[in-house]
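Novice: Once you've had a glance at the structure underneath, I'll fire off some questions.
2 protein chains.
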Amino acid sequence: MVQIELSTEEKILKAAEEVFMRDGYDGSRMQDIADVAGINKALLHYYFRSKDKLFEKVFDAKIQSFFPQMGEKFSQDIPFVDKIHIFIEGYMGLLLKNPYLPLFVLNTVNNKDKSAFIKKLPIELSRQVAQSYYVEFKKGNVRELNPAQFIMSLMGMCIFPFLAKPILLDMFKADNATFDKLMEERIQELKRYVTLILTP
Amino acid sequence: MVQIELSTEEKILKAAEEVFMRDGYDGSRMQDIADVAGINKALLHYYFRSKDKLFEKVFDAKIQSFFPQMGEKFSQDIPFVDKIHIFIEGYMGLLLKNPYLPLFVLNTVNNKDKSAFIKKLPIELSRQVAQSYYVEFKKGNVRELNPAQFIMSLMGMCIFPFLAKPILLDMFKADNATFDKLMEERIQELKRYVTLILTP
DNA sequence: TATAAGTTTAACCAAATGGTTAAATATGCC
DNA sequence: GGCATATTTAACCATTTGGTTAAACTTATA
């Protein structure tokens, strides 16, 4: 395995992501980010003038992965149910790799001071799902429902376990590996759920 | 309408709940809580020695409402699907009255420093649903599924819109009243979903 | 009226924290 | 070598914040 040398800027962004995601904006310390990046606080401010500026950089990239842009996938010519199955697989995979992502994004979105950072809204996701749904509905291939409500349910079912992870670990007396296995099973379970909901 | 005079302690707890729920632990200021309660900081510390102690009091009450204890409802002798319908109605009603509850509880649960506050775990909810489910499953009245996965889905579907509320308001160009109406519709939609999932 | 508890005011403290600065040192590049 | 940029060190500053204290004032009650 080749060791790729990260530039200082990259090291900082990586460290900032880690700390912000773990501790939230208020809970994060510039000193802590500097420590994780293996540099000192002065250099941190040398690269990113303020905590706010640094946060914005990190957050921008993250919010877009949380509200996934499904463009290509949803424009494929396959049944709507299959698109949703693909969504579930992709999204759960993302969450398994970024278990802190949901709480981080939802906190920021709900933070008055940080709402200015939210530039690119996930209108696309909703629009694409709705359009793709109605095409299929007219063909009589899916049951009648409100696509907006459906996408909320879908995302909710995917993210909830990651938000409540500490509680679930305790409830099931499980460790991280067991949790991940439970989420793998969950992918199949959710696919079954949406099939039942969507199939007329 | 009779004006009921709140005791100072009650005023403080009410104010603390409001501020903690809105700003989170880190984001909350003792001065702010005192202001909302209409008293001064000295008196605040006179009643509750520290921020931690005050937070614990508020959080204790809240976590139990977030993971609802369904004891009586689930022991009723009615079909499992009906129990779930009752759950949805009750839980969505609670969330409509406490829209900040989910983010507050989930943040606290995920906060290392605050994990000591979590004493009473919601094992009951999971146990009751599971037991109630298996009784009904043996009678062939519900489809086969993993009750733990199901309860996660149920809670996720209920809470997600409240967590993503700022985004949804923006996406649908809606105000608070419209959002509440959307959630009222959602109750019916979710009932349909679970019926489809559970009915063999 | 005397006593105790509740409440206010205002000043104060110590620690944490975001951010700055200046000088020294290292590094790469012409 | 000499120059610019990157990096470190370390001290420093202003502000915020949780928490304390002491003295004065209010209120109810015995």
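Protein chains in written order, with UniProt numbering: chain S, 1 to 200; chain P, 1 to 200. Quick reminder that beta carbons are idealized off the backbone N, C-alpha and C, glycines included.
1) Where does the unbroken alpha helix (DSSP H) through Glu144 (chain S) begin, and where does it stop?
2) Against Ser126 (chain S), what residues of chain P qualify as contacts under a CB-to-CB distance less than 8 Å, listed in chain order?
3) By the three-class DSSP mapping on this structure, what secondary structure does Asp175 (chain S) have?
4) CA-CA distance, Leu96 (chain P) and Met155 (chain P)?
5) At what residues does the alpha helix (DSSP H) containing Asp35 (chain S) begin and finish?
6) Looking at the C-beta of residue 203 (chain S), does it have a partner C-beta in chain P at a distance below 7 Å?
7) Report yes or no: do the stretch 81-95 of chain P and the stretch 54-69 of chain P share at least 3 C-beta pairs separated by less than 8 Å?
8) Check the Cβ of Ile33 (chain S) against every Cβ in chain P and list those closer than 7 Å, keeping chain order.
9) For Met183 (chain P), would you say it is in contact with chain S, using Cβ-to-Cβ distances shorter than 7 Å as the test?
10) Output the boundary residues of the alpha helix (DSSP H) element that contains Lys53 (chain P).
11) What residue range is occupied by the uninterrupted alpha helix (DSSP H) comprising Ala130 (chain S)?
12) In chain P, what lies closer than 7 Å to Met152 (chain S) by C-beta?
13) Could you spell out where the alpha helix (DSSP H) holding Phe20 (chain S) opens and where it closes?
14) If you follow the alpha helix (DSSP H) that Thr108 (chain S) is part of, which residue opens it and which one closes it?
15) I want to verify the contact list: residues of chain S whose CB lies under 9 Å from the CB of Gly140 (chain P), in sequence order.
16) Tell me which same chain residues have a C-beta within less than 7 Å of the C-beta of Asp180 (chain S), skipping the five on either side of it?
17) Using the beta-carbon of each residue, which ones in chain S are nearer than 8 Å to Asp26 (chain P)?
18) Counting contacts by CB-CB distance shorter than 7 Å, is Glu17 (chain P) in contact with chain S?
19) How about Ser153 (chain S) and Met157 (chain P): do their beta carbons lie closer than 7 Å?
20) In three-state DSSP terms, what is Ala164 (chain S)?
21) Between Pro161 (chain P) and Arg29 (chain S), what straight-line distance do the alpha-carbon atoms span, to the nearest angstrom?
22) What whole-angstrom Cβ distance do Pro147 (chain P) and Tyr133 (chain P) have, given they're in contact under 8 Å?
23) Exposed or buried, what is Tyr100 (chain S) when buried is set at 16 or more other beta-carbons lying within 10 Å of its beta-carbon?
24) Between the Cα of Lys114 (chain S) and those of P:Val109, P:Gln76, P:Lys14, P:Pro166, spot the shortest distance and give me the residue it belongs to.
25) At the level of alpha carbons, what is the spacing between Leu106 (chain S) and Asp77 (chain P)?
26) Could you tell me whether any Cβ in chain S is nearer than 7 Å to the Cβ of Leu54 (chain P)?
Specialist: The short version:
1) No alpha helix (DSSP H) holds Glu144 (chain S); DSSP gives it neither H nor E.
2) Met171
3) Note: Asp175 (chain S) maps to coil in three-state DSSP.
4) Taking the straight line joining both Cα atoms gives about 14 Å.
5) 30-37
6) Residue coverage of chain S in this structure runs from 1 to 200, which leaves residue 203 (chain S) outside it and unanswerable.
7) Yes: the two stretches touch, three or more of their Cβ pairs being nearer than 8 Å.
8) By Cβ distance, chain P contributes nothing, its closest Cβ being about 16 Å from Ile33 (chain S), past 7 Å.
9) At a cut-off of 7 Å between beta carbons, Met183 (chain P) makes no contact with chain S.
10) 51-66
11) Taken as a continuous stretch (DSSP letters only), the alpha helix (DSSP H) holding Ala130 (chain S) covers 123-138.
12) Phe160, Pro161
13) 8-27
14) 101-109
15) Those do not exist, as Gly140 (chain P) stays about 17 Å from chain S at its closest Cβ, beyond 9 Å.
16) Leu96.
17) Gly24, Asp26, Gly27, listed in chain order.
18) no
19) Yes, they are a contact pair.
20) coil
21) 30 Å
22) Rounded, the Cβ-Cβ distance is 4 Å, consistent with contact.
23) buried
24) P:Pro166
25) Straight-line Cα distance between these residues: approximately 39 Å.
26) no
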